Amino acid sequence: MGELVKTISGQEAAPPGTCDDTADALAARLDALFHTVRDPIGKPYTYARVAAALQAAGCPVSNSYLSQLRSGVRSNPSEQLLAALSAFFGVPLDYFYGGVEPDAASGDRPLLTGLCNESLRKLLDLAADLSDESQELLTALAERLRISEEHAPATAEPA
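Under numbering that gives the first Met the number 0, think of the first position of the sequence shown as 0, with each following residue one higher.
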């Protein structure tokens, strides 16, 4: 076997291109999510909070299994678990399969982190099926509210 390299989590693993590359990629991507996605008050998520949320969504998982996936000790999670993790952290399922690079997914991270806020999710849910005109009115109202509360103007362009 070749020389070992360090993963983001500090574990030693086979270098890229070897049979352990997929496990390392999964660990690195999960580690990146734990480092960058924050709860609604800005704190990093713990294994316990993520496990509890996934269990509440019908995906049984333990704190220790999440830790093992993040560190690369375990590397073969079920499709159900990956889907639950992608929904929880607000990234596409492809993120875990290498279809979306971490930097590309992190471009929307502030928006995705905001969707962890229950009030914002409710607002999005309520606005989703409104007409284009009503959505534009809602956007204009939000912009005026930002100004009245002395927030900087939003920089994201509507899709």
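C-beta: ideal position from N, C-alpha, C; glycine also.
From a predicted model like this one, the values you see are computed outputs, not experimental measurements.
Quick check on the burial criterion: 16 or more other C-beta atoms within 10 angstroms. Buried or exposed for P76? buried
Span of the alpha helix (DSSP H), counted from its first residue to its last, around I146: 131 to 147
C58 (DSSP reduced to helix, strand or coil): coil
On the CB-based measure, 16 or more other CB atoms within 10 Å of its CB, does S85 come out buried or exposed? buried
Can you find the residues in the same chain that come closer than 7 Å, C-beta to C-beta, to L144, ignoring five residues on each side of it along the sequence? none
Tell me where the alpha helix (DSSP H) around S121 begins and ends. Reading off the sequence, residue 121 comes out as Lys, not Ser. K121 -> alpha helix (DSSP H) spans 117 to 126.
Should A170 go down as buried or exposed, given a rule of 16 or more other Cβ atoms within 10 Å for buried? Because the chain spans 0 through 158 in this model, residue 170 falls outside it and cannot be assessed.
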